[in-house]
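Some notes on the structure that comes next.
Residue numbers (the numbering used here): 184 to 369.
Structure follows, in structure tokens:
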């Protein structure tokens with residue numbers, strides 16, 4: 184259940200970009216799942232640590248991902264996160280809502296997903312596992328961008344610049360995620 188909670192925000196973005204389910208329809212399911220996760224956060228010592236570590240790791244990882252995007256944005260990669268906020272708010276763009284979703288939905292959520300995978304599989308090399316996880320997320324994003332007729336128009340066009348920036352960002356996210364999980368498990 185916690186794994187699904189973590190994957191739901193990013194899956195909601197993918198479903199919207201593919202044109203299958205508007206992201207606005209996914210707001211309530213995301214809130215319900217986050218509420219269930221918060222219930223476990225406050226009612227189980229074992230799950231508390233797992234959820235906390237995943238959230239913190241995901242938040243720090245997405246922050247460093249975004250810092251790694253800055254040179255690529257200056258080179259011409261348009262920031263689509265305000266557009267994501269617009270999908271959610273029903274407006275053209277919304278910077279605040281877009282970044283709240285990015286950090287507390289996508290970033291922290293993917294951190295939760297990784298924490299659960301680590302709990303189930305007990306990764307011996309957390310940093311390498313985090314890197315592979317980040318690359319897997321990058322590949323899933325590229326599949327969505329390639330399969331959807333409108334995803335590249337909605338998010339960003341696949342070009343050498345955006346592919347490189349996205350790969351660097353997702354690799355950074357994964358490495359930081361693994362590093363943070365390793366530190367928080369001690």
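A virtual CB, placed ideally from N, CA and C, is assigned to each residue, including glycine.
The structure displayed is predicted, hence computed values, not measured ones.
query, result
"Quick one: using the 10 Å Cβ neighbour count with 16 as the cut-off for buried, is residue 298 buried or exposed?", "buried"
"Going straight from the alpha carbon of residue 343 to that of residue 211, what length do you get?", "37 Å"
"Please classify residue 289: is it buried, with 16 or more other beta-carbons within 10 angstroms of its beta-carbon, or exposed?", "buried"
"Straight-line CA distance for residue 280 to residue 304?", "34 Å"
"Determine whether the beta carbon atoms of residue 284 and residue 348 lie at a separation below 7 Å.", "no"
"Tell whether a beta-carbon distance below 7 Å holds between residue 352 and residue 293.", "no"
"For the candidate residues 321, 228, 286, whose alpha-carbon lies nearest to that of residue 350?", "321"
"Unbroken alpha helix (DSSP H) runs of length 4 or more, entirely within the stretch 258-306: which are they?", "264-272, 278-283, 291-304"
"Between residue 207 and the rest of its own chain, which residues show a CB-CB distance below 8 Å, the 5 nearest in sequence each way excluded?", "270, 271, 273"
"Have a look at residue 339 and residue 201 and give me their C-alpha separation to the nearest angstrom.", "13 Å"
"Once you ignore the five residues that flank residue 244 on each side, which residues in its own chain have a CB closer than 7 Å to its CB?", "290, 294, 356, 359, 360, 363"
"Do you know how far the Cα of residue 230 is from the Cα of residue 319?", "25 Å"
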